[in-house]
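J.: What follows is a structure written as structure tokens; I'll ask about it next.
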Amino acid sequence: MPTAPTNRISLSVHGLPVSLISEAPALEAEVRRVLWPFEVESSTSAVGITSGVIRRYDQTEVLRCLSPSAIPVATPGMSIELYQEGERFWLVDDRWGLCELNVMKGTWRSWVLPRPTLDLFRVMEMAVIWPMAQLLRPRGLYLIPAASAARSGSGVLILSPMNLEAELRTLIRAGYNLIGQRWSALRETADGGVELLAFPGQIEREASSRLREGESSEVASRWVDLTAEHCGVEQSSAPCNAVAVIEPSRRPSAHVAEVITQRAADLLRRAWPIAELHPFRKHGQLSLKLSQKARCGQVQLSRRPEDFLVMLETVRGPAPGSIVTMTAAGLSSPPKLKTPPPPTQAMGTRLPPTRRWHPARAG
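Counting the sequence shown from 1 gives a position; the working numbering is that position plus 6.
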């Protein structure tokens, strides 16, 4: 078999060097198109570099790299298979291919099927961004598939299993800036807080919006970069002061409930949208940090994108010492301040302790 031509891409992801070698020209072009803000001149130093290789799928080569003693890793709600042997992990996804990671060495290899069922952007996410997120986390940078926005110097992370194109457009019209649309970067700060950092990308368009433009769903673009459509709405960073956890369905009425710190850590762990690979640990530490440093709200979306703006303002919080209760019935009037409830009571409707919430998570 002839050797495929290779090209190297050098990135600096918020100061962390990443080197990528690609044997797939189409995927290389997609990486450059999406991650161009991070692209830099090639570095001759190999110290501390996270390295990845994208190869065309070769069954013989893949079988040599798999370990027969690898054990499966549980991935509830995710359409992937994970296997582990010590510091090595394998991600298997019939939709696009396979990825091998070594979390100790900071290296990964992805093999892409000749005819993946995912579109090119999603293949690039799974073959490049997903393993890069796993390997940059031990170096202090968290990449997670979630939107983030900021206004008036305060940032909010939005964990959602659903399409939020209409809601993000509503936030832009209300004066919010976008930090991340589909992926966001987070890093702990010297004072113990968490900072949101910009990550380039795009968001999946709703089918209804494509059809409203008079195009069939097959012809119209599936993805849109809102920061390209709206000049000046991109923001490089903001402190993460709040986290909005979106429930996996829309109801006629919108509702938001603040989750107290003791329950917020568990809620964030269950809603965390990416599996965090570690040789000895099942859960990452960022969700715990966010539950302690940021307000956490559980949000039930309605079918009106405008409702999300009020929900988000409630999650971000009023002045200290005040608690806001907001449902769809109060969306037409300004929120009223109420006397703070006892420490064990959450804002809005109290959720029964036995209620289980299992959102669909991104791979």
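Note that the Cβ used here is the ideal one computed from N, Cα and C, for glycine as well.
#1: Let me check understanding here. Comparing Cα to Cα, which of Trp278, Asn13, Leu170 lies closest to Leu149?
#2: Please report the distance separating the alpha-carbon of Glu91 from that of Arg70.
#3: Can you have a look at Thr123 and say buried or exposed, based on whether 16 or more other CB atoms are within 10 angstroms of its CB?
#4: Is the segment 33 to 44 in contact with the segment 82 to 89, if contact means three or more CB pairs nearer than 8 Å?
#5: How about Ser166 and Ile77: are their beta carbons less than 8 Å apart?
#6: Considering only DSSP beta bridges, list what Asn183 is partnered with.
#7: Look at the alpha carbon of Leu33 and the alpha carbon of Ser227, and state the distance between them as a whole number of angstroms.
#8: DSSP state of Asp197, grouped into three classes?
#9: How far does the beta strand (DSSP E) with Val24 in it reach, from first residue to last?
#10: Measure from the C-beta of Met130 to each C-beta in chain D and report whether the shortest distance is under 8 Å.
#11: On the three-state DSSP scale, how would you describe Arg228?
#12: Verify whether the separation of the beta carbon atoms of Arg257 and Ser308 is less than 8 Å.
#13: So, using beta-carbon positions, are Leu147 and Trp114 closer together than 8 Å?
#14: Buried or exposed: Gly112, going by 16 or more other Cβ atoms within 10 Å of its Cβ?
#15: According to the neighbour-count rule (16 or more other Cβ atoms, all chains shown, within 10 Å of its Cβ), is Ser28 buried or exposed?
#16: Give me whichever residues DSSP pairs with Ser116 in a beta bridge.
#17: Could you check where the alpha helix (DSSP H) with Leu292 kicks off and where it finishes?
#18: Within 10 angstroms of the Cβ of Leu26, are there 16 or more other Cβ atoms? Answer buried if so, exposed if not.
#19: Alpha carbon to alpha carbon, how far is Gln187 from Ile15?
#20: Mark Ser48 as exposed unless 16 or more other C-beta atoms lie within 10 angstroms of its C-beta, in which case mark it buried.
#21: Could you have a look at Pro74 and say whether DSSP puts it in helix, strand or coil?
#22: Residue range of the alpha helix (DSSP H) that Gln374 falls in?
#23: Round the Cβ separation of Val162 and Val249 to the nearest angstrom and send it over; I've been treating them as touching at under 8 Å.
#24: Taking only the alpha-carbon atoms, compute the straight-line gap between Ala35 and Ser297 and give it to the nearest angstrom.
#25: Taking all protein chains shown into account, decide if Thr56 is buried (16 or more other Cβ within 10 angstroms of its Cβ) or exposed.
#26: Any idea what DSSP makes of Ala204, helix, strand or coil?
#27: Here's a check: name, in chain order, each residue in its chain whose Cβ is nearer than 8 Å to the Cβ of Arg301, leaving out the five neighbours to either side.
#28: Apart from the five residues just before and just after Asn13, which ones in its own chain have a Cβ nearer than 6 Å to its Cβ?
#29: Out of curiosity, what's the CA-to-CA distance linking Arg62 and Met132?
#30: For Asp231, which residues in the same chain have their Cβ closer than 6 Å to its Cβ, ignoring the five residues on either side in sequence?
#31: Cα separation between Arg269 and Ala30?
#32: What are the start and end residues of the alpha helix (DSSP H) that includes Asp313?
#33: Buried or exposed for Pro137, going by 16 or more other Cβ atoms inside 10 Å?
#34: Quick check on the burial criterion: 16 or more other C-beta atoms within 10 angstroms. Buried or exposed for Ser255?
#35: If you run the structure through DSSP and keep just helix, strand and coil, what is Gln417?
T.: So, from the listed chains and residues:
#1: Per the C-alpha coordinates, the member of Trp278, Asn13, Leu170 positioned closest to Leu149 is Trp278.
#2: When rounded, the distance between both Cα atoms is 15 Å.
#3: Per the 10 Å Cβ criterion, exposed.
#4: With the cut-off at 8 Å, the segment 33 to 44 and the segment 82 to 89 do not touch.
#5: One thing to note: Ser166 has its Cβ no nearer than 8 Å to the Cβ of Ile77.
#6: Per DSSP, Ala156.
#7: Those two C-alpha atoms are separated by around 18 Å.
#8: Coil at Asp197, not helix or strand.
#9: Its beta strand (DSSP E) spans residues 22 to 28.
#10: Note that chain D does not occur in the displayed structure, where there is just one protein chain.
#11: In the three-state reduction of the DSSP assignment, Arg228 falls in the coil class, being assigned neither a helical nor a strand state.
#12: Their beta carbons are under 8 Å apart, which means Arg257 touches Ser308 by this criterion.
#13: Here Leu147 is not near Trp114, since their CB atoms are 8 Å or more apart.
#14: Flag for Gly112 reads buried.
#15: With 16 or more other Cβ atoms from the protein chains shown falling within 10 Å of its own Cβ, Ser28 counts as buried.
#16: According to DSSP, which records beta bridges pairwise, Ser116 is partnered with Ile60, Cys105.
#17: Run containing Leu292: 292 to 299, per the alpha helix (DSSP H) assignment.
#18: Leu26 comes out buried.
#19: In this structure, the CA atom of Gln187 is about 23 Å from the CA atom of Ile15.
#20: Residue environment: Ser48 is assigned as exposed (fewer than 16 neighbouring CB atoms within 10 Å of its CB, all protein chains considered).
#21: In this structure, Pro74 counts as coil in the three-state DSSP scheme.
#22: The structure shown does not extend to residue 374, since the chain is modelled only from 7 through 369, so no value can be given for it.
#23: Taking a contact as a CB-CB distance under 8 Å, the pair Val162 and Val249 counts as one, their CB atoms being some 7 Å apart.
#24: In a straight line, the C-alpha of Ala35 is about 38 Å away from that of Ser297.
#25: Buried is the call here.
#26: Under the three-state reduction of DSSP, Ala204 is assigned to coil, being neither helix nor strand.
#27: Once the five neighbours on either side are set aside, the close Cβ partners of Arg301 are Asn247, Ala248, Val249, Glu264, Val321, Arg322, Gly323.
#28: Excluding five sequence positions before and after Asn13, the CB atoms of its chain that fall closer than 6 Å to its own CB belong to Ser28, Glu34, given in chain order.
#29: Approximately 14 Å between the Cα atoms of the pair.
#30: In the same chain as Asp231, and ignoring 5 residues on each side of it, the C-beta atoms closer than 6 Å to its own belong to Gln208, in chain order.
#31: In this structure, the CA atom of Arg269 is about 45 Å from the CA atom of Ala30.
#32: Segment 311 to 322, the alpha helix (DSSP H) holding Asp313.
#33: Buried is the call here.
#34: The C-beta of Ser255 has fewer than 16 other C-beta atoms within 10 Å across all chains shown, which makes the residue exposed.
#35: Not covered by the structure: residue 417. The range shown for the chain is 7 to 369.
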